[in-house]
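Read through the structure below, which is laid out as structure tokens, and then see the notes.
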Amino acid sequence: MVNKKEIILALVLTGYSICVFADTAALNDAVMKLCDKSKMCIGKEISANDEFPPEMKAMLSNMVEEICGQYMRIADLGDEHELIEPATECLNSMANQGCDALLNSDDETTACKRYSELAENY
């Protein structure tokens, strides 16, 4: 016979797992949103400037893929569930910036500063 404590523990663990998966899905969505935004912004820059030779365009395209790879590394938090929400907020805050700020600003968003501070502990 299963006792009530075992049932409660199972429900709590199941609920926690569902929350982690939901948070991970939001994090992955944020990665894709920022990657798409970066591609769009760099694509606009390339289109607006006819002086880019094909080699430069190829180099910029490779650079975008590398940037997206960096975003994916942020999303690969493994067991560090405490960082999922701050990382998601950071990525979303970056994706919500205009193209000029995203491509040219060295300033971190408030959400990214928070994530960086928390991530230092891991």
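With mature numbering (1 follows the signal peptide of the UniProt record, and there is no 0) as the guide, the letters of the sequence shown map in order to residues -22 to -1, 1 to 100.
Note that the Cβ used here is the ideal one computed from N, Cα and C, for glycine as well.
Please read these numbers as outputs of a predicted model, since none were measured by experiment.
Burial state of residue 98 (16 or more Cβ within 10 Å): Within the sequence shown, residue 98 is the residue found at index 120, counting from 1. With fewer than 16 Cβ atoms within 10 Å of its Cβ, residue 98 is classed as exposed.
Simplified DSSP assignment, three categories, for residue 83: Working through the sequence shown from its first residue, we reach residue 83 at position 105. Reduced to three states, the DSSP call for residue 83 is coil.
Whole-Å CB distance - residue 73 paired with residue 93, under 8 Å assumed: Taking the sequence shown and counting its residues from 1, the one referred to as residue 73 is at position 95. Taking the sequence shown and counting its residues from 1, the one referred to as residue 93 is at position 115. No, residue 73 and residue 93 are not in contact; Cβ-Cβ is about 14 Å, not under 8 Å.
Reduced DSSP category for residue 43 - H, G, I as helix; E, B as strand; rest coil: Start at 1 with the first residue of the sequence shown, and residue 43 comes out as number 65. Note: residue 43 maps to helix in three-state DSSP.
DSSP three-state assignment for residue 75, whether helix, strand or coil: As a position in the sequence shown, residue 75 is number 97, starting the count at 1. Coil at residue 75, not helix or strand.
Nonlocal neighbours in the same chain, by C-beta distance under 8 Å from residue -2, ignoring five residues either side: Numbered from 1 along the sequence shown, position 21 holds the residue referred to as residue -2. Note that residue -2 has pLDDT 49, beneath the 50 cutoff, so the model's placement of it is unreliable and the number below is only indicative. Cβ neighbours of residue -2 beyond the five flanking positions: none.
Residue 100 - DSSP class collapsed to helix/strand/coil: For this step, residue 100 is matched to residue 122 along the sequence shown. Here residue 100 sits in coil by DSSP.
Distance, residue 31 Cα to residue 68 Cα: In the sequence shown, counting from the first residue as 1, residue 68 sits at position 90. In the sequence shown, counting from the first residue as 1, residue 31 sits at position 53. Taking the straight line joining both Cα atoms gives about 34 Å.
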